[in-house]
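So the structure is just underneath, and the comments pick up after that.
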Amino acid sequence: MEAGQVAAPVAAAPKRKKVTDRAKAERKLGWLLCAPAVIAMLIVTGYPIGYAVYLSLQKYDLRFPDDKEFVGFSNYADVLTSTTWWTDVATTLIITVASVAIELVLGMLIALVMHRAIFGRGPVRAAVLIPYGIVTVVAAFAWRYAFDPASGFVAGLPLISDSAAPLTERGGSLLVIVMTEVWKTTPFMALLLLAGLSLVPDELHEAAKVDGASALQRFYSITLPLMRPAILVALLFRTLDAFRIFDSAFILTGGANGTETVSILGYNVLINRVNLGLGSAVSILIFICVILIATFFVKALGTSTAQQRGET
Amino acid sequence: MSGHTNRERGMWSILILVVVLYALIPVAWITSLSLKTSDQLSDKKFYSGVSFDNYDVIFSDDTFIAALINSLGIAGIATLISIVLAAMAAYALARLNFAGKAVILSGALAVAMFPPISIVGSLFDMWRSIGLYDTWLGLIIPYMTFTLPLAIYTLSAFFREIPWELEQAAQIDGATPFQAFRKIIVPLAAPGVFTAAILVFIFAWNDFIFANTLTSTDAARTVPAALAFFTGASQFEQPIGAVSAAAVVVTIPIIIMVLIFQRRIVAGLTAGAVKG
Chain A
0 MEAGQVAAPV AAAPKRKKVT DRAKAERKLG WLLCAPAVIA MLIVTGYPIG
50 YAVYLSLQKY DLRFPDDKEF VGFSNYADVL TSTTWWTDVA TTLIITVASV
100 AIELVLGMLI ALVMHRAIFG RGPVRAAVLI PYGIVTVVAA FAWRYAFDPA
150 SGFVAGLPLI SDSAAPLTER GGSLLVIVMT EVWKTTPFMA LLLLAGLSLV
200 PDELHEAAKV DGASALQRFY SITLPLMRPA ILVALLFRTL DAFRIFDSAF
250 ILTGGANGTE TVSILGYNVL INRVNLGLGS AVSILIFICV ILIATFFVKA
300 LGTSTAQQRG ET
Chain B
0 MSGHTNRERG MWSILILVVV LYALIPVAWI TSLSLKTSDQ LSDKKFYSGV
50 SFDNYDVIFS DDTFIAALIN SLGIAGIATL ISIVLAAMAA YALARLNFAG
100 KAVILSGALA VAMFPPISIV GSLFDMWRSI GLYDTWLGLI IPYMTFTLPL
150 AIYTLSAFFR EIPWELEQAA QIDGATPFQA FRKIIVPLAA PGVFTAAILV
200 FIFAWNDFIF ANTLTSTDAA RTVPAALAFF TGASQFEQPI GAVSAAAVVV
250 TIPIIIMVLI FQRRIVAGLT AGAVKG
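As structure tokens, this is what we get:
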């Protein structure tokens, strides 16, 4: 009994050591191969963000570079007490929520069309990829010219006033910005959801069909719950992307008519007013917002996958 | 599938038609604008004859030619660098077992979600003092912030699908791990690498915020930034025709690539997000 207990670890020891050696070599190779990419990512994002934090604590206006001095959090105080910042946050949130919600519904419809298509899957996939591939600035110009009352076809459509100029007032501008965003990014949403749809086993649908569930019932009680992680991932990607919106809003309105988003505000302060201290504070605040949104979705995703694992 | 009635087929046809129209209308509109003469620009029609005047204008414009070369060069080099670095990392992530793998993947994801506006100010300040402002390198470096994570994600998803037994077989035959990687895995991985390269190139080609803030002249201004600048310069007579023609020129290569490689692009886009 006693001998056996002693013998077992002795026999196991050399074997375990071999494994560790191999694991060590593998880890070394792994890190060696990853190192260039990891170091590059750290340098290109870590350093500039660190420098932005430093700048945000300075009074630093490029028009008066000699006045540069440490001012602590006063830039943050200036931003957070200004109405511009909060108006722009509200505008950005309106655009984000509206476009992501519409994209989710449209993307789901397109994904269902592609998934259940009895024919024509190829043309749909091709058509859907075109907006994805197009440069955002080009898409924004296309919509801007389409809605321009002088040259656009929209004003020429029946039921729409010939002098309709949505890009000259707030509601219309927000509508066109959301439309551009939806047009450009629904394909991405649809493709992510399509991948999620293909993970839903057909047998479940067949079984529910036998039990007499309607198509709508099957969608709500089988497809949607099983797709929860895919939906959350798609929402996470798209929400963060929409919150950073810059290109399309910049081309469509340039931030006029109360459509200034937080990224455009950052751009205006940093590049037009060359106030790097104040502008960096805006940049860092946007960064913090993005982290908050990401944390929210990652938490939701964590609980949802945990639930699913518990169920199966 | 034989049980579908004519009515169902009709409904599908309408649905498919709606999706295709929805995707194509703005493209059709900007193409039609680019083919109009200046007199036809305000006729609000999708087709009013074909005139290549606008294309003549942009192709005799040095600014546009320079922007086109800058876009191709900068996006091309950024793609090349990030694919090489990401391919090495993705090989390790897909193939090897080591501590810290999850950290690298989630780190790459975090970098991908980074708002570009957050580093624009620091880059603007740094680039001015070290002479990278308005240079190709000055754009290639920040492009790494989004090209590297995208490349790492799509490539590691593709690499997981490779039949790795072949590599082991080569190692049994006496090949070193590096030889096995170079001679067996690289040819197998090439299609995935190519797809990832297309996706990365599309992203780099699409950038506007860095190009708009970190360049000022023909030396490094890319097409999206040049397009915005184009209109800003002449407020009184908007060069709608010229902008449209330039827009079509930068769109056509992307659409051709996307259509040729659509199956692989869909696989690349979804694999990274679902399995990662």
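Residue numbers (numbering that gives the first Met the number 0), protein chains in the order written: chain A, 0 to 311; chain B, 0 to 275.
Quick reminder that beta carbons are idealized off the backbone N, C-alpha and C, glycines included.
Predicted model, so just to flag it, every value in this text is computed and none were measured.
Taking 7 Å as the cut-off between beta carbons, the residues of the segment 151-185 of chain B near chain A are I151, in sequence order. In the DSSP assignment, B:S33 falls within the unbroken alpha helix (DSSP H) covering N5 to S33. Runs of alpha helix (DSSP H) with 4 or more residues, each lying fully within the segment 255-283 of chain A, are found at 261-266, listed in chain order. At a C-beta separation below 8 Å, A:T44 has these neighbours in chain B: V110, F113, I118 and T144.
Taking 9 Å as the cut-off, the beta carbon of A:S55 is found closer than this to the beta carbon of A:I283. Residue range R169 to L196 is occupied by the alpha helix (DSSP H) that includes A:K183. Sequence-distant Cβ neighbours of A:R120 in its own chain, meaning closer than 7 Å and more than five residues away, are M113. Interface criterion met: the Cβ of B:I24 is under 9 Å from a Cβ in chain A. Counting along the chain, no alpha helix (DSSP H) covers A:A149, and no H or E run does either. Put simply, the CB of B:R220 is far from chain A, with every gap to its CB atoms at 9 Å or more. In this structure, B:T146 and B:F202 form a Cβ contact; the two beta carbons are roughly 6 Å apart against a cut-off of 8 Å.
Rounded to the nearest whole angstrom, the CA to CA distance from A:V268 to B:L71 is 30 Å.
Residue range D61 to R94 is occupied by the alpha helix (DSSP H) that includes B:T62. Per DSSP, the continuous alpha helix (DSSP H) segment holding A:K208 begins and ends at D201 to V209. For B:S121, the enclosing alpha helix (DSSP H) has its first and last residue at I116 to I129. If the five residues before and after A:T260 are omitted, its C-beta is found closer than 8 Å to the C-beta atoms of D87, T90, T91, I94, I244, F245, A248 and G254, all from its own chain and listed in chain order. Residue pairing of A:F69 in beta bridges, as defined by DSSP: A:Q57.
Interface criterion met: the Cβ of A:P35 is under 9 Å from a Cβ in chain B. Within the segment 87-119 of chain A, I109, V112, A116, I117, F118 and G119 place their CB atoms closer than 8 Å to a CB of chain B, listed in sequence order. The Cβ-Cβ distance between A:L231 and A:F296 falls below 9 Å. Not a single C-beta of chain B is nearer than 9 Å to the C-beta of A:R237. For A:R272, no CB of chain B lies under 9 Å from its own CB, so it is not counted at the interface with that chain.
Rounded to whole angstroms, the Cβ separation of B:I29 and A:Y144 is 7 Å, and the two are in contact under 8 Å.
About 45 Å separates the beta carbons of A:A34 and B:L23, which is beyond the 8 Å limit, so they are not a contact pair. Rounded to whole angstroms, the gap between the alpha carbons of B:I184 and B:L20 is 42 Å. Between the C-alpha atoms of A:V99 and B:D172 there is a straight-line separation of about 54 Å. Using a Cβ-Cβ cut-off of 9 Å, B:F97 counts as an interface residue toward chain A, since at least one Cβ of chain A sits closer than that to its own. Three or more beta-carbon pairs separated by less than 8 Å link the segment 182-201 of chain A to the segment 130-147 of chain A, which places the two stretches in contact.
In its chain, beyond the 5 residues on either side, G265, V268 and L269 have a beta carbon closer than 7 Å to the beta carbon of A:G278.
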